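Undergrad:
In the numbering used here, the protein residues as written are 575 to 762.
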């Protein structure tokens, strides 16, 4: 009888434990809010932190793929698409062929693309672009330039001929190419 009572107590204890575990599992836990992607407002917060439309574009100074100094100010007086990107970012890599096309199509009218990469070195970026036969001017940096708190890639800015930000956004989707073409055409 003693062994039967102990077995019954063990079964009852195990059953209670299983029921409690199921109750805990059936309650969905709330995801923790994490700046830069965990909560519902991350996109709005990230956009609000970036230089605003109408503001002067902060300086960008780096090295081009040949190792020579390059900067956003070198392109003063032209319309410039500044693209913060890196190899390994799917949307970034999908955007590059269109950015090369834009540079070729709109370049004679005073439009330039300036890719900004602080994740890979010039040799790696050059090899990547060469293998894909893409001609997209680059500024290679060691870190993000001051004034550009980029948290998602790609993040892009269209800088007007006067040096102010005309438009900015994050991401690259299926409708982005047509939007960028119309945006650049309207601002040339």
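Yeah, the Cβ is synthetic: ideal placement off N, Cα and C, and Gly gets one too.
Given the structure is predicted, the values throughout are model-derived calculations rather than measurements.
May I ask which residues mark the beginning and end of the alpha helix (DSSP H) holding residue 696?
TA: First-last of the alpha helix (DSSP H) with residue 696: 696–705.
Undergrad: Excluding five sequence neighbours on each side, which residues of the same chain lie with their C-beta closer than 7 Å to the C-beta of residue 680?
TA: Around residue 680: 758 and 762.
Undergrad: Secondary structure at residue 659, three-state DSSP: helix, strand or coil?
TA: If DSSP states are grouped into helix, strand and coil, residue 659 belongs with coil.
Undergrad: Measuring alpha carbon to alpha carbon, tell me which of 760, 714 and 744 ends up nearest residue 646.
TA: Ranking 760, 714 and 744 by Cα distance to residue 646 puts 714 first.
Undergrad: Just the Cα atoms here: how many angstroms apart are residue 615 and residue 621?
TA: The straight-line gap from Cα to Cα measures roughly 10 Å.
Undergrad: Enumerate in chain order the residues of its own chain whose CB-to-CB distance from residue 638 is below 8 Å, with the five nearest sequence positions on each side excluded.
TA: Counting only Cβ-Cβ distances below 8 Å, and skipping sequence neighbours, we find 644, 696, 711, 712, 713 and 714.
Undergrad: Which residue comes first and which comes last in the alpha helix (DSSP H) that contains residue 724?
TA: No alpha helix (DSSP H) holds residue 724; DSSP gives it neither H nor E.
Undergrad: Closest by CA to residue 630, which one among 707, 693, 750 and 737?
TA: Nearest C-alpha to residue 630: 737.
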